[in-house]
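Protein chains in written order, with the working numbering: chain U, 1 to 329; chain R, 1001 to 1295; chain C, 2001 to 2329.
Since the structure comes first, as structure tokens, the remarks are kept for the end.
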Amino acid sequence: MNSDLLAVEKLKKHFVTARGTVRAVDDVSFTAKEGETLGLVGESGSGKSTVAYTIIGLHAPTDGKITFGGQDMSTGVSKRSRALKRSMQIVFQDPGTSLNPRRTIEQILSLPLQVHGIGDRKGRRSSVIELLRRVELPADYLFKSPHMLGGGERQMVAIARALATDPRLVILDEPTSALDVSIQAKIINMLCGFQEEMNLTYLFITHDLSLMRNVASRVAIMYLGKIYELAPTEDFFERPLQPYTKMLLSSIPVVLPEEEAVKPSRIVSEGEIPSPVNVPPGCGFHTRCPEMEENCDADEPQLVEVQRGHFVRCHKCAEPVTAEIAGKE
Amino acid sequence: MAHLFEGDRLGRRWEGFKKAWYKFSRNPVSVIGLVLVLAVSFLAIFAPYVSPHPTHARTYVNFVEASQPPSGSHLFGTDVFGRDVLSRIFFGFRYSLMMGSVVLALVVIPGVVLGLLAGYYRGTWIDTLIMRITDIFLAVPPLILALAVTSVLTPNIFNAMMAVSLMWWPWYTRLVYGLASSLRNEFFVQSAEVIGASRRHILFRELLPNCVSSIFTKMSLDMGWVILIGSALSFVGLGAQPPTPDLGTMVADGAKYLPDQWWISIFPAFAIMVTVLGFNLLGDGFRDLFALEEI
Amino acid sequence: MVDHVLRIRDLQVEFKVYEGRLKVLNGVNMDVGLGARVGLVGEAGCGKTTTMRCVLGILQSPPGKITGGTIRFRDRDVLKMSQANLQKIRGGGISMIFQDPVAALNPVFTVGDQLTSVIRYAATKRMDKKEIKRRAIKALADVQLPDPDRMFTSYPVQLSGGMRQRVCIAMALATEPELMIADEPTTALDVTIQAQVLRLLNELVEERATSVIFITHSLGVVKEMADWVYVMYAGSIVEGAKKEILFERPMHPYTLGLMGALPKLTGGGMAEGIPGRIPDYLNPPTGCRFNPRCTQAMEVCAGNRPEFREVDPDHRVACVLYGGEADEQ
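Structure (structure tokens):
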């Protein structure tokens, strides 16, 4: 029975700006078990990237708790121990800017080894060559600069860099969104291989639901800073409950007729996504929800477990459960 | 893989150099700049050996030869003391280049380091402290500050260099601050933070290399400016003192004799122009040199 | 008799760089009929954008150089046109929508300013300010922007990504072009907004019978947007067919590889990508450029470039598997 490696409790991250408080992450809770891939899906303003950055320490949480391997780490990266930094890594979304264009691949990959004292100076070059080999890149890439590599190769270097410290948790923020389909397949397969080999836990963020279907064991969908549905992958895709989930699933362009068949019927989204500075009152999704009811713009729904492992934030979907709970009290 | 690419290092360096030359030489004007700078530097370094009358650079008087127009024996003529203008110009290059080099050597490192710190710590008290001090220095017109400093101290070339240095460093801080504060939020810097790299590493190994192009370009253009300001100070008598063959002093001394003995003033002025032009053109070339090639 | 808006035949383009000559385009063949919706699918670096730049006459001329082929727009040879005539075409005949609406709109001018300058520039007769403004507001309403009058005085930075892209569409259509080129117009947008914008584009294009070339790397999107699809690889078109036929019976091994590499919404794990990498344009493979990666490659594939020929009605392929004499290189 795999233990919870990562636990996020009521996490909040607010940014105070001239235009108001941006509630980027507003009460998010979830856990990730060792060896699993937890998927995080959402559109712009959903807060999925902010969750990732807060977990990795680039932001300090405004409120809430983050626990990793039993240790509390609800602080920014500068206050974290070196051992903690070693066991958690991130692969960023834009391969163009996640590698310093003015450094060579060798320098980029040596950095984590150097910082964490892995191996000695002499052995470093061969360690770097070994890292390159694991991501199927030739050894002479040592001397190249990132701008000489294609997007897919840069991302492979970023992945190699993340794996260099032998971490336990790797956050992947849209790792293949900027890449072509054929390269994406290669990288995802590589990532799955690493996961098995090293018993890694992945927090996988993407807006590509077809991809999510094939990589995640559980999926959470975020909207305006909150989780609106969290379920095991099959339940999420085949029996979505939240209207937003259904809307998203129905909007994806697919190729095969059998894919078309599993999509929920087309829900046309009207209107723009609200900004996290101005979250609509009550349920944040009510302005675009086709199934909006009376109290949706006043009362905020809570995230409740409607079935085993399947959580939903919606007045309508959660009715039977909340009624049951209310009845019991 | 026993040798692990060690032996190849020279080969790679040479390839890198060839590629750099290719990028630089795309623009013929930059090459002209390089040629001018190299020529001026050569003349400056080897002045005692290449100038026709090296002794004229110091105290020398020969009234028989005084105020001769350009001729075979004196290509640029002689001044009122009979000194060969051409030779004095060669020695004058020494003082100009020295002034530029010394000022930049004093100014670039502190200016850049302060800019990196302020940019990386943008939004904190470090940023405010550094940048407000920078603002104060920038608010004073450079020449005025230099004049003020040199008039308080004894006028000589050394003090002129100090004065110019004092008001030059903020420009580097400003430049690097702008670059560093925008680079600071790039993913590659955040990666380094997440990995746990030290602040020193982030400032000097991640941020600084991305500023180098702008810094070098500015340094080249600044050589020209510093030389001009140094010449201006000398022109008003606050820099190099006679008989030092500083170009600005030569222009000042010769100005009284315009337009009849034009060569005493015009040639040194022309020499200043050529030097500054060379550095300016070279500066443009640096930008091309450091540009990253897209695939 | 002109039945095609655009006809590209065997276009070849080279780029001069330090290391030598990049042979970027190696025989592009494309036909765009009147009022047709043509999709151009290809991965990064295959040359789609370069091709479109040639069509518009905006290829950067050193270092780029057109070394062969023809482009006929309305039966006039674009490659031989003067700059003045090209400008007229760019204004009136062909217009373009770019991938990044942030970069395509000038941040210091209002939406109204930018729209009216386009209208004024493309006007065939003199119009007074009122008339131009009226047309601009109508254009904004046509792209379903809420409150067109307020939109007219807004700055691009005040708009969301989806709205900005609609403004770009309005600008592209304001000149009443015969051909509109849309270069990955929805790649930067969220999924639900993407669905909205694509639907809008379809409606508009149908109303005005404009021909469209829709460039994308997403097969799903092209399935929704195009009637005819061209697949491009490493500088040449490898397959072109009516949409239904292409998806039902793809022929070229690259097309098959692309479709195979797509993650399926129905799950089933990630397929293998296409082995190998895109070719080095300095020393591209001889013959068919896909042959080093092709699972069905034969000896003859490295010999002569396969001819792009009609193999079935409404179905053209450049592959020796489907017979035909190979081209002389």
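Beta carbons: idealized from backbone N, C-alpha and C, even for Gly.
- Sixteen is the threshold: since fewer than 16 other Cβ atoms of the shown chains lie within 10 Å of the Cβ of Trp1021 of chain R, the residue is exposed.
- Close to chain U, meaning a Cβ-Cβ distance shorter than 9 Å, are the following residues of the segment 2216 to 2238 of chain C: His2217, Ser2218, Leu2219, Gly2220, Val2221, Val2222, Lys2223, Glu2224 and Met2225.
- With a beta-carbon spacing of about 11 Å, Gly1119 of chain R and Leu1208 of chain R fall beyond the 8 Å limit used to define contacts.
- Chain-order list of chain U residues neighbouring Ser1214 of chain R: empty, with the shortest C-beta distance near 12 Å, by a criterion of under 9 Å.
- If you keep only unbroken alpha helix (DSSP H) runs of at least 4 residues inside the segment 2182 to 2212 of chain C, you get 2191 to 2208.
- Take Phe1216 of chain R, set aside five residues on each side of it, and the residues of its chain with a beta-carbon closer than 6 Å to its own are Phe1286, in chain order.
- Spatial neighbours of Pro146 of chain U in its own chain (CB-CB distance under 6 Å, excluding positions within 5 residues in sequence) are listed in chain order as Leu99, Pro101 and Arg154.
- Residue burial annotation: Lys2088 of chain C is exposed, with fewer than 16 other C-beta atoms found within 10 angstroms of its C-beta.
- If you draw a straight line from the Cα of Val2005 of chain C to the Cα of Asp2077 of chain C, it is about 12 Å long.
- Straight through space, the alpha carbons of Phe2073 of chain C and Leu2059 of chain C are spaced by roughly 16 Å.
- If you look at Phe68 of chain U, you'll find it in the beta strand (DSSP E) that goes Asp63 to Phe68.
- DSSP places Ile221 of chain U inside the beta strand (DSSP E), whose first and last residues are Arg218 to Tyr223.
- Between Trp1168 of chain R and Thr1128 of chain R, the alpha-carbon positions lie close to 20 Å from each other.
- Spanning the alpha carbons of Pro112 of chain U and Ile1195 of chain R requires a straight line of approximately 6 Å.
- The beta-carbon of Gly2268 of chain C is placed less than 9 Å from the nearest beta-carbon of chain U.
- Relative to the Cα of Val2111 of chain C, the nearest Cα in the group C:Thr2124, C:Lys2130 and C:Gln2165 belongs to C:Gln2165.
- When CB distances to chain U are screened at a threshold of 8 Å, the residues of the segment 1191 to 1207 of chain R falling below it are Ser1191, Ala1192, Glu1193, Val1194, Ile1195, Gly1196, Ala1197, Ser1198, His1201, Arg1205 and Glu1206, in chain order.
- Per DSSP, Phe1158 of chain R is not a residue of any beta strand (DSSP E); the alpha helix (DSSP H) it occupies stretches across Ile1157 to Leu1183.
- Within chain U, the residues placing a beta-carbon under 7 Å from that of Glu1186 of chain R are Thr97, ordered along the chain.
- Annotation for Thr1217 of chain R: the continuous alpha helix (DSSP H) segment containing it runs Val1212 to Phe1235.
- In this structure, the straight-line span from the alpha carbon of Val2238 of chain C to that of Ala2318 of chain C is close to 5 Å.
- For Val2222 of chain C, no pairing in a beta bridge is given by DSSP.
- Counted as a single uninterrupted DSSP element, the beta strand (DSSP E) harbouring Glu2239 of chain C occupies residues Ser2236 to Lys2242.
- When rounded, the separation of the alpha-carbon atoms in Ile1227 of chain R and Ser1181 of chain R is 31 Å.
- The beta-carbon distance between Ala2104 of chain C and Trp2228 of chain C, rounded to whole angstroms, is 26 Å. This is too long to meet the 8 Å contact definition.
- Sequence-distant partners of Thr1173 of chain R (beyond 5 residues in either direction) whose C-beta falls short of 6 Å from its own C-beta, in its chain, are Gly1111, Leu1114, Gly1115 and Thr1134.
- Ranked by Cα distance from Val2191 of chain C, the first of C:Thr2255, C:Val2167, C:Ile2213 and C:Gly2161 is C:Gly2161.
- Between the alpha carbons of Cys2288 of chain C and Val77 of chain U lies a gap of roughly 51 Å.
- For Gly2039 of chain C, the enclosing beta strand (DSSP E) starts and ends at Arg2037 to Gly2042.
- 9 Å or more divides the Cβ of Leu209 of chain U from the Cβ of Leu241 of chain U.
- Here Phe1267 of chain R really is in contact with Val1085 of chain R; their C-beta atoms are around 5 Å apart, less than 8 Å.
- According to the DSSP assignment, Lys2023 of chain C belongs to the beta strand (DSSP E) that extends over Gly2020 to Gly2033.
- Counting along the chain, Thr1078 of chain R sits inside no beta strand (DSSP E), nor does DSSP assign it H or E at all.
- Of the candidates U:Phe285, U:Arg308 and U:Gln71, U:Phe285 places its Cα closest to the Cα of Ser46 of chain U.
- Against chain C, the CB of Gly39 of chain U has no partner CB under 9 Å away; the residue lies outside that interface.
- The C-beta separation of Ala1240 of chain R from Ile1130 of chain R comes to about 33 Å, leaving the pair out of contact by the 8 Å criterion.
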